[in-house]
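Under the working numbering, residues 81 to 363 are what the sequence shown spells out, in order. Ideal Cβ placement from N, Cα and C applies to all residues, glycine included. If you're wondering where the values come from, they're calculated on a predicted model, not measured in any experiment. Here is the structure we will look at, set down as structure tokens.
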Amino acid sequence: MNPYAARLATQSPMTDPGPFATLYDLLPADLPTLCHIVRGLVRHRGMGWLYGYMVPEDEKAEADTREVALILQRILQRDPAPLASPRDWDHKFVGYCRVSAVLLCSMARAKGLTICARAGFSAYAGQGIGQQNWDHWICEYWQATHQRWVLIDPEEEERIQEVEGVHFDPYDIPRHLFVTPGEAWLACRQGQADPQQFGLDEAHAGFPYIRAQLLRDVAAMQHWEATVLDCWGLGAMADEELTLSELALLDQVARVAARGPDSLSELHQLYMEHPRLRAPYVS
């Protein structure tokens with residue numbers, strides 16, 4: 081493990097549970113169990129049809145809450161039961177994959193596990209480079225027993241896999257099923273994929289979205305987990321505004337970020353040398 085990765089075992093400004101830290105004392109250090117607990121606390125604002133519920137319009141905005149402390153506050157306002165107790169649908173926090181990822185990071189870091197959120201693109205339903213891939217957040221953690229980094233999805237469960245028609249271990253996701261923004265950027269720049277195959281939806285796809293997602297992924301590996309609404313620096317520019325030197329920098333960042341947490345030291349150096357890579361809330 082890269083020595084710099086030790087930072088990922090500590091809470092970030094986004095994952096810090098704040099006054100609710102003691103609630104984690106009752107939770108296990110087992111990641112699959114923590115994923116199950118997260119699913120018992122969060123309902124996806126866009127997947128109600130799968131579970132037979134509708135999210136009220138006035139509640140959907142809470143999915144964009146940044147800090148875990150505020151997420152926990154809202155959960156406990158609705159139901160003060162211990163976090164390991166699954167909530168009824170109408171008492172769950174309205175979130176999406178990023179919310180589930182930062183909650184898992186928060187719980188796991190409290191147990192001393194080395195973990196980070198990863199912003200990228202889901203290739204679960206048989207997609208991948210050269211086909212359609214939509215915005216998705218998961219986590220990556222250091223598995224000390226086997227000395228390797230492992231992708232894990234706290235949101236994925238049997239019912240979702242049945243609908244998607246796929247079957248894989250969500251606690252050890254095969255690498256080809258999650259396309260990182262670095263991989264997507266390089267594939268599109270090299271003409272191996274259509275940039276419109278990567279995005280949040282058909283209306284929000286292409287090089288601008290990949291760039292913004294790349295910076296969100298880099299920021300998450302640098303201890304600041306953005307939301308899908310956050311866009312800054314080189315990720316907020318129009319394609320025609322980018323200079324050749326800025327494109328070359330993005331190519332370099334993509335190559336480094338595509339290696340994941342193993343590249344944290346090199347990624348941190350780039351992140352600190354180039355202010356337009358950094359999230360505006362990070363010093």
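Cα-Cα separation, residue i to residue j
i, j, result
"residue 293", "residue 264", "10 Å"
"residue 250", "residue 233", "5 Å"
"residue 305", "residue 315", "15 Å"
"residue 162", "residue 127", "25 Å"
"residue 158", "residue 116", "19 Å"
"residue 104", "residue 84", "25 Å"
"residue 226", "residue 194", "14 Å"
"residue 363", "residue 132", "The pLDDT assigned to residue 363 is 42, lower than 50, so where the model puts this residue is not dependable, and the model offers no usable value."
"residue 310", "residue 228", "30 Å"
"residue 176", "residue 183", "11 Å"
"residue 101", "residue 328", "43 Å"
Exposure of residue i, with buried meaning 16 or more beta-carbon neighbours within 10 Å
i, result
"residue 187", "buried"
"residue 168", "exposed"
"residue 92", "buried"
"residue 330", "buried"
"residue 231", "buried"
Residue i, enclosing alpha helix (DSSP H) - first and last residue
i, result
"residue 349", "344-353"
Proximity test, residue i beta-carbon vs the ligand COA heavy atom, cut-off 6 Å
i, result
"residue 337", "The ligand COA is absent from the structure shown, which contains no ligand whatsoever."
Close-in-space but distant-in-sequence residues of the same chain around residue i (CB under 6 Å, 5 per side omitted)
i, result
"residue 286", "275, 276"
"residue 288", "none"
"residue 215", "280"
Neighbourhood of residue i by C-beta, 8 Å cutoff - its chain only, sequence neighbours within 5 removed
i, result
"residue 414", "In the structure as shown, the chain starts at 81 and stops at 363, and residue 414 therefore has no counterpart that could be examined."
"residue 355", "313"
"residue 192", "89, 109"
"residue 337", "260, 261, 262, 294, 297, 298, 301, 343, 347"
Expected contact under 8 Å - CB spacing of residue i and residue j to nearest Å
i, j, result
"residue 300", "residue 199", "6 Å"
"residue 196", "residue 220", "6 Å"
"residue 98", "residue 181", "Not a contact, Cβ separation roughly 18 Å."
"residue 164", "residue 106", "7 Å"
7 Å Cβ shell around residue i - same chain, five flanking residues per side excluded
i, result
"residue 357", "295, 298, 313, 314, 333, 350, 351"
"residue 307", "144, 146, 178"
"residue 82", "341, 342, 344, 345"
Range covered by the beta strand (DSSP E) that runs through residue i
i, result
"residue 196", "195-202"
"residue 152", "Residue 152 -> not in any beta strand (DSSP E); alpha helix (DSSP H) instead, spanning 148-158."
"residue 217", "213-223"
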